[in-house]
């Protein structure tokens, strides 16, 4: 990567930024820059400075300076992009941290939406809704409750509950463009439009997709749709004892999703994934990694997990409705899986961080704790896998919501991770009706020599293998190679990026 | 509009097109050009030639010539954009008609999708699915069965049934860009990607929105998602006797949509809209337009309609499920509306063009027949409102899915249309959970002197009034003024358009 700006440019820019947003919010000390440049795996790019504007106008001002002086920026919201690079930019850059924009700007319970800034976390939003005793809830991430609601949606994160396709349920983006100008998408571009927070497409070409998994602008506000709390919630928990039952289970779940029996994400977790949420690698038993098959079996038996495990969340508009849905699920899954049902709490205030919680909007750090799987110390109360040198890399690939494909992918991935000496943590998330989000974790300990390299090699192998077999990634991190597809498509994206960002402030070309 | 090409350019282009796709498929005779330049209201732009390429390669070749010689093109699929301009371009242009691309390329019943070309009509697709005895169905337009499945989705048309937000349920676009190059969107840009027809977003910025309600490319193929035929279908038909009951009904319907009781579009039709599907203006009774209030009342009473009418489609995964949904709907609507329930056919082959049909994928021309409302001759068996000089203009505006807003809009619109001497046909379509698509028809007879002008004046007044009150359009036609919003947003769209189409082949700037 060659520098586009002269050697003295960052300093000139830093002086301007200090004048604009205050000395206290332009961080340049080595310790902080090293923190911001540390992820859960080895990375090379350096953080040149760390800007913390207070509001949209300050974001615009910061971006204008970068545009003028040709300084590359890397926008982050809460910086919890663990497993995809945390706060680390894809190239040497100044981090533009919008976490101070943390207001809940608007909330409408009847119309079931909330408008927030990018610093608002899942925990903050859930607490707010609880405080106002709202009977609506947000889809929560499987990542950390400390993550940004907006950034996770823009990165096309998957969520629990009825609005799990998170990018599919946001609208009215406020975006700072690479030249510092501000635009609003959808109907929000019309002042006074009553449907700005209520409808996605607006009129004319729909641009929201340009600001998702891209670096074509900084989103400083968005509307997030919420789901009404159900009259009667029932959760089906299922497990299967062995691999051969997986395909039929997957096909049954697809049928339930297509028929609209559940609007929620249906997660399928293998045993390692399930275990990694409730425990750590059994170093205490003097077991040396990788985990022997017999120990794996014993651990899942002790925890009451099957080889594969999952839930189906049912949102009843009446008791009879919930009962009918329950019966449909029992019929669909009963032949292959052990299924248990439990009723959820009648009131949102009673929803807790148990199995039902995430399906009802309870923000939690259960999954994020799995970043400590291979650490020899216990999971701390405040998670910071970057600081704690947790080794953690996500691979996120799209797979048909089909039993045969699910088995193929799970077999390939488990074999490759085991060959590389890692426990294969595999989740297949039925966020939508026709595709599964295969989310694979490589967990290790960065404090051990050589592990960074070994994990990276394993990541690259799995990535290449899945792409080659027809399973491209649906989400990438700084560790990911640019997926190889049509060249003309890449050129189209580059042309659009160049039109918006001719100096490559947000995006290298 | 000034011409960008020299006077002899179209002739040079025409010679090249003839060589590329054959003389028989380059139409330049006055009669045909006049046909193509005729809509259901007065329009000015001229059609300079009419190209009918046979396949994607020929589309690319035609576009390349236009790009090279700077000839403006206007792509049409089936040209049934009645009420929005039919086949008429927004400026003098050569019509690029892709109706010969009419193959059903792929169909997968298990995964519930079909991949089609833009010439495939709703009728053709429904017939195909019936022929192969598929247990899945497509969302059908409220327009004509002869319309293009792809074009309607790209124009963000509303459909009946569970996938009524038609643009929200397509993926894997194949697009001919303004320079004639071909790209594929979503995962379709990766050769061999197993999820190309199964997931929308792909990886990286999502570009599909750029090719919707735009003229940034010609879509020559797309995947359309289908819904499984339900085990037990029940349709609730409701009506209310008077206006004051509308707000509570609207709010009840929003509650049903938000709670997921019905995945389908919930239509609300006023009496004129309902009558216009089953009858014509009562000229036979010597009634002179506009329709007197007493006759309107008598007509709706005779037809068994209420002041407002609608349906709620229920898709049961079991008998008990359908029964439970039915009870929820009865509870929600019973206080304000008369509600009747009927069971749908158990097998798709028995679904007919009755009230249930559209909710189960039966393509029909019932709504399209309403273009003949003010004609003094009966509706012909083959609808051609352009030829038959039907006067028909749509206004499509987004309104909150809220009782008070629905009443405000309906009152304003009815009063304005009546003041202008037209029967106010108003539909409020609950396609999604939070917004209503207000679809207003101005129907008249183009054979009467002065009616074109009167209708256009009425259109412009309603358009301005609704925009001013915070209800911008969600779909526009060649009659529509460019909606006035943020200038920087318009510039952003123009910048993107310029990057893709520097010579303005598809889009004037």
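Protein chains in written order, with the working numbering: chain P, 2 to 510; chain C, 2 to 510. Beta carbons: idealized from backbone N, C-alpha and C, even for Gly. Quantities reported herein were computed from a predicted structural model and do not represent experimental measurements.
Among the options, which has the Cα closest to the Cα of residue i?
i	options	result
residue 398 of chain P	C:166, C:197, C:35, C:82	C:197
residue 221 of chain P	P:105, P:299, P:295	P:105
residue 276 of chain P	P:260, P:306, P:95, P:70	P:306
residue 514 of chain C	C:250, C:322, C:287	Outside the shown range of chain C, which is 2 to 510, sits residue 514 of chain C, and nothing can be said about it.
residue 55 of chain C	C:32, C:29, C:25	C:25
residue 491 of chain C	P:166, P:124, P:189, P:51	P:189
residue 379 of chain C	C:407, C:446, C:483, C:343	C:446
residue 20 of chain P	P:465, P:30, P:59	P:59
residue 454 of chain C	C:388, C:423, C:362, C:36	C:423
residue 449 of chain P	P:43, P:218, P:37, P:33	P:43
residue 369 of chain C	C:18, C:383, C:357, C:356	C:383
residue 416 of chain C	C:441, C:435, C:345, C:504	C:441
residue 107 of chain C	C:223, C:360, C:287	C:223
residue 91 of chain C	C:278, C:202, C:123, C:215	C:215
residue 343 of chain P	P:411, P:358, P:69, P:302	P:358
residue 404 of chain P	C:345, C:111, C:257	C:111
residue 109 of chain P	C:435, C:507, C:11	C:435
residue 152 of chain C	C:103, C:333, C:387	C:103
residue 451 of chain P	P:465, P:433, P:421	P:421
Just checking my contact of residue i with residue j at CB under 8 Å: how many whole Å lie between their CB atoms?
i	j	result
residue 229 of chain P	residue 136 of chain P	6 Å
residue 272 of chain C	residue 308 of chain C	6 Å
residue 225 of chain C	residue 114 of chain C	7 Å
residue 362 of chain P	residue 130 of chain P	7 Å
residue 431 of chain C	residue 266 of chain C	6 Å
residue 139 of chain C	residue 150 of chain C	7 Å
residue 471 of chain C	residue 195 of chain P	4 Å
residue 413 of chain C	residue 460 of chain C	That pair is no contact at about 14 Å.
residue 126 of chain P	residue 219 of chain P	Actually they are not in contact, since the Cβ atoms of residue 126 of chain P and residue 219 of chain P sit about 20 Å apart, beyond 8 Å.
residue 456 of chain P	residue 394 of chain P	6 Å
residue 74 of chain C	residue 95 of chain C	5 Å
residue 489 of chain P	residue 174 of chain C	Between residue 174 of chain C and residue 489 of chain P the Cβ distance is about 14 Å, and since that is not below 8 Å, they are no contact.
Span of the beta strand (DSSP E) holding residue i?
i	result
residue 310 of chain P	309-317
residue 271 of chain P	267-271
residue 114 of chain C	114-117
residue 1 of chain C	The structure shown has nothing for residue 1 of chain C, since chain C only spans 2 to 510.
residue 296 of chain C	No beta strand (DSSP E) holds residue 296 of chain C; the alpha helix (DSSP H) holding it covers 294-304.
residue 107 of chain P	105-109
residue 97 of chain P	94-98
residue 339 of chain C	339-344
residue 476 of chain P	474-476
residue 398 of chain P	391-401
residue 50 of chain C	48-52
residue 429 of chain P	426-431
residue 102 of chain P	Looking at the DSSP string, residue 102 of chain P is not in any beta strand (DSSP E), and its letter there is neither H nor E.
For the alpha helix (DSSP H) that residue i lies in, which residues bound it at each end?
i	result
residue 487 of chain P	Note, residue 487 of chain P: premise wrong, no alpha helix (DSSP H); not H, not E.
residue 411 of chain C	404-420
residue 66 of chain C	57-70
residue 324 of chain C	320-334
residue 129 of chain P	123-132
What residues in the stretch 214-227 of chain C have a beta carbon less than 8 Å from any beta carbon of chain P? 214, 215, 217, 226
Please list, in chain order, the residues of the stretch 167-196 of chain C that have any C-beta partner in chain P closer than 8 Å. From the stretch 167-196 of chain C, only 168, 169, 178, 182, 183, 184, 185, 186, 188, 190, 191, 192, 193, 194, 195, 196 have a Cβ closer than 8 Å to chain P.
Which complete beta strand (DSSP E) runs does the stretch 219-260 of chain P hold, if anything under 3 residues is left out? DSSP runs (the beta strand (DSSP E)) wholly in the stretch 219-260 of chain P: 219-226, 233-241.
Which residues, in order along the stretch 322-353 of chain P, keep a beta-carbon less than 7 Å from a beta-carbon of chain C? 322, 325, 326, 328, 329
Residues of the stretch 427-438 of chain P in Cβ contact with chain C at a cutoff of 8 Å, in chain order, please. Listed by position along the chain: 433, 434, 435, 436.
Check distances from the C-beta atoms of the stretch 456-477 of chain P to those of chain C and list, in chain order, the residues that come in under 9 Å. Against chain C - using a Cβ distance shorter than 9 Å - the residues of the stretch 456-477 of chain P are 468, 469, 470, 471, 472, 473, 474, 475, 476, 477.
For the stretch 395-423 of chain C, list every residue whose C-beta sits within 8 Å of some C-beta in chain P, in sequence order. 399, 400, 401, 402, 403, 406
Proximal residues, the stretch 199-212 of chain P versus chain C, C-beta separation under 9 Å: 199, 200, 201, 202, 203, 204, 205, 206, 207, 208, 209, 210, 211, 212
Residues of the stretch 110-130 of chain C in Cβ contact with chain P at a cutoff of 9 Å, in chain order, please. Answer in chain order: 111, 112, 113, 114.
List in chain order: all unbroken beta strand (DSSP E) runs of 3+ residues lying wholly within the stretch 129-185 of chain P. 171-177, 183-185
Positions along the stretch 244-272 of chain C whose CB lies within less than 7 Å of some CB in chain P: 259, 260, 261, 262, 264
Short of 9 Å Cβ to Cβ, which residues in the stretch 495-506 of chain P face chain C? 496, 497, 498, 499, 500, 501
What residues in the stretch 301-324 of chain C have a beta carbon less than 9 Å from any beta carbon of chain P? So the close ones are 316, 317, 318, 319, 320, 321, 322, 323, 324.
Could you list the residues in the stretch 151-162 of chain C with a C-beta less than 7 Å from some C-beta on chain P, going in chain order? Cβ contacts with chain P: 157.
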